[in-house]
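Sequential numbering from 623 applies to the sequence shown in this note's numbering. Idealized CB from N, CA, C, for every residue including glycine.
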Amino acid sequence: KPYDPERIDQSVKLGAVEEWEIVNETGSEHPFHIHVNHFQVVRAGVPPEEWTWQDTVSLPADGSLKIRTRFRTFDGRYLLHCHILLHSDLGMMQNVEVLGDGVEPCRPV
């Protein structure tokens, strides 16, 4: 779906730890990037203490990655997207809203 800067695609609570599976259904690699919040790529057979924190990872063609991220410091809105600008413009971009204590998700008008 086309990117809409007013749409909230994901809402999470400040302090949450989440695992997301990022799926690439295209035949091209994509540099996947999350603004503000770093993540770890969950790697099978590699102990968690060896995972590194990063903000961009190469999403393999016709593949997927599982990432673990924690929302511990910043609330508000920010982006996750493909770092190839044309791809972001075509819809490979979403808005994430991190909700502090007592804050309810924004609802579309």
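Pick from His709, Asp697, Trp673 and Pro670 that is closest to Gln632, judged by C-alpha positions = The residue labelled residue 632 in the question sits at position 10 within the sequence shown. For Gln632, the closest of His709, Asp697, Trp673 and Pro670 by C-alpha to C-alpha distance is Asp697.
Could you say which of Ala683, Cys704 and Leu687 lies nearest to Gly649 if we only look at CA atoms?
-> Looking up residue 649 in the sequence shown gives position 27. Nearest of Ala683, Cys704 and Leu687 to Gly649, Cα basis: Ala683.
Using only alpha-carbon positions, find the residue among Leu721, Leu708 and Cys704 that is nearest to Arg694.
-> Numbered from its first residue, the sequence shown carries residue 694 at position 72. The residue among Leu721, Leu708 and Cys704 with its C-alpha nearest the C-alpha of Arg694 is Leu721.
So, is Val639 buried or exposed, given that buried needs 16 or more other C-beta atoms within 10 angstroms?
-> Position 17 of the sequence shown, counted from the start, is the residue given in the question as residue 639. Exposed is the call here.
Range covered by the alpha helix (DSSP H) that runs through Leu687 = Taking the first residue of the sequence shown as 1, we reach residue 687 at position 65. Not the alpha helix (DSSP H): Leu687 falls in the beta strand (DSSP E), residues Ser686 to Arg692.
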